[in-house]
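Since the structure comes first, as structure tokens, the remarks are kept for the end.
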Amino acid sequence: MARERARDKDGEAAEPARRASDRGHYGRLSRERVLAAALDLVDEEGLSALSMRRLGARLGVEAMALYRYADGKDALLDGLVEALYLELVERLSAGSPPEGSAAPDPAAWRAELHRIARATYEVCLAHPQAVPLLATRMLAVPLARRPLAVLKEHERVLALLRDAGLDVERSAAVFRAFTGWVLGYVSVELRAMVDNPEEVDPAFRLGLHRMPPQELPRLREIAATLAERGGPDGLDAGLDALLDRFAGD
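Each residue of the sequence shown is one higher than the last, beginning at 5 in my numbering.
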């Protein structure tokens, strides 16, 4: 009798039932290796391409072998958020002075927030296909259930604010505004604008001919400028204005 084909937790047909090995093309797996491969897959093909089967094929293992590292598609998506934040930590650590090299400056908290904002911006631009998860997974996952890397980054920002002398209420307000500004700015930077990449003429490249001039004159006028990224300088300028409003000097 032919061996029955099992189905994995995503409902995808799995290989003929046998013990799933987690030794793939690149040796034994680890959570870090699985998440890195998942992020690479999303970078190359987008979120819609991510599945346990596709990821398993990429790593050279059965899809079922991955469930010891992520117990389903939602856990894998949360893992991608974790991977983004771990990369953020790496970037921040690379730019930090050695411990004990200088006395901490209580007035430097604003500069550190700028550094965190810029590092977040760099991570997001390096992985634009995964950026939507920073919003969608935060809407779906309660605070206490988020990956530890995410919570530690929240803690980092809040510690800066509290150590700078802001009380709990003001710290919460600045934290919300800081997070909203950085992620909102990145979302605007990465928004889809180009209608036809093959077009050389900017108007046709952006598809302005599809927008009625009588109804949308200002949008048509400014669309080419909106299509240009504001860059880190725009991020910094908005953050300074925000901190002036909420925290003062």
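Virtual Cβ for every residue (Gly too), placed ideally from N, Cα, C.
**Report entry** Cβ neighbour criterion (16 or more within 10 Å) applied to Ala139
**Finding:** Burial call: exposed.
Query - Straight-line gap, Ala41 to Leu59 (C-alpha atoms, nearest Å) - result: Note on geometry: alpha-carbon atoms of Ala41 and Leu59 lie some 7 angstroms from one another.
Query raised in the report: Looking at the unbroken alpha helix (DSSP H) that takes in Asp244, where does it start and where does it end?
Result: Annotation: the continuous alpha helix (DSSP H) that includes Asp244 extends over 235-250.
Query - Identity of the residue in Leu137, Leu162, Val178, Leu220 nearest Asp78 by Cα - result: The candidate whose alpha carbon is nearest that of Asp78 is Leu137.
Query - Reduced DSSP secondary structure (H/G/I, E/B, other) of His131 - result: His131 carries a coil assignment under DSSP once its states are collapsed to helix, strand and coil.
Report task. For the segment 33-81, list the beta strand (DSSP E) runs that are entirely contained and at least 3 residues long, ordered along the chain. Result -> Runs found: none.
Query raised in the report: If you drop the 5 nearest sequence neighbours on each side, which residues of the same chain put their C-beta closer than 6 angstroms to that of Val123?
Result: Note on residue identity: the sequence assigns Ala, not Val, to residue 123. Cβ neighbours of Ala123 beyond the five flanking positions: Leu92, Arg95, Leu96.
Query raised in the report: Between the Cα of Phe250 and the Cα atoms of Leu45, Asp171, Arg37, Pro217, which residue gives the shortest distance?
Result: Check the Cα spacing between Phe250 and each of Leu45, Asp171, Arg37, Pro217: the tightest is with Asp171.
Report task. Answer yes if the segment 112-127 comes into contact with the segment 44-55, meaning at least three C-beta pairs across the two stretches below 8 angstroms, and no otherwise. Result -> The segment 44-55, when compared against the segment 112-127, does not touch it at the 8 angstroms Cβ threshold.
Query - Leu143 classed as buried or exposed, judged by whether at least 16 other C-beta atoms fall within 10 angstroms - result: Residue environment for Leu143: exposed (fewer than 16 other C-beta atoms within 10 angstroms of its C-beta).
Query raised in the report: Nearest-angstrom Cα distance between Pro236 and Gly64?
Result: Roughly 39 angstroms separates the two Cα atoms.
**Report entry** Whole runs of the alpha helix (DSSP H) within the segment 172-239, excluding any shorter than 4 residues
**Finding:** Here the runs fully enclosed are 172-193, 206-210, 221-230.
Query raised in the report: How many Å lie between Ala168 and Ala245 at the Cα?
Result: Ala168 and Ala245 have their alpha carbons spaced roughly 18 angstroms apart.
Report task. Starting from Leu165, follow the alpha helix (DSSP H) in both directions and report where the run begins and ends. Result -> First-last of the alpha helix (DSSP H) with Leu165: 152-167.
Query raised in the report: With 16 other CB atoms within 10 Å as the buried threshold, where does Pro221 fall?
Result: Counting C-beta atoms within 10 angstroms of its own C-beta, Pro221 has fewer than 16 neighbours from the protein chains shown and is therefore classed as exposed.
Requested in this report: Since I believe Leu212 is in contact with Ala227 (beta carbons under 8 angstroms), could you give me their beta-carbon distance rounded to a whole number of angstroms?
Outcome: In this structure, Ala227 and Leu212 form a Cβ contact; the two beta carbons are roughly 6 angstroms apart against a cut-off of 8 angstroms.
Query raised in the report: Are the CB atoms of Leu194 and Val154 nearer to each other than 8 angstroms?
Result: The Cβ atoms of Leu194 and Val154 do not sit closer than 8 angstroms to each other.
Query - Selection from Leu247, Glu219, Gly242 that minimises the alpha carbon distance to Ala177 - result: Nearest of Leu247, Glu219, Gly242 to Ala177, Cα basis: Leu247.
Query raised in the report: What are the start and end residues of the alpha helix (DSSP H) that includes Ala139?
Result: Per DSSP, the continuous alpha helix (DSSP H) segment holding Ala139 begins and ends at 137-144.
Query raised in the report: Of all the options Leu147, Glu203, Arg166, Pro151, which has the alpha carbon lying nearest to the alpha carbon of Trp113?
Result: The residue with the shortest Cα to Cα distance from Trp113 is Arg166.
**Report entry** Buried/exposed call for Val198, threshold 16 Cβ in 10 Å
**Finding:** That one is exposed.
Query raised in the report: In whole angstroms, what is the alpha-carbon distance linking Arg233 and Tyr125?
Result: Answer to the nearest angstrom: the Cα atoms are 12 angstroms apart.
Query - Pair within 8 angstroms by beta-carbon distance, Val192 and Pro151 - result: 8 angstroms or more divides the Cβ of Val192 from the Cβ of Pro151.
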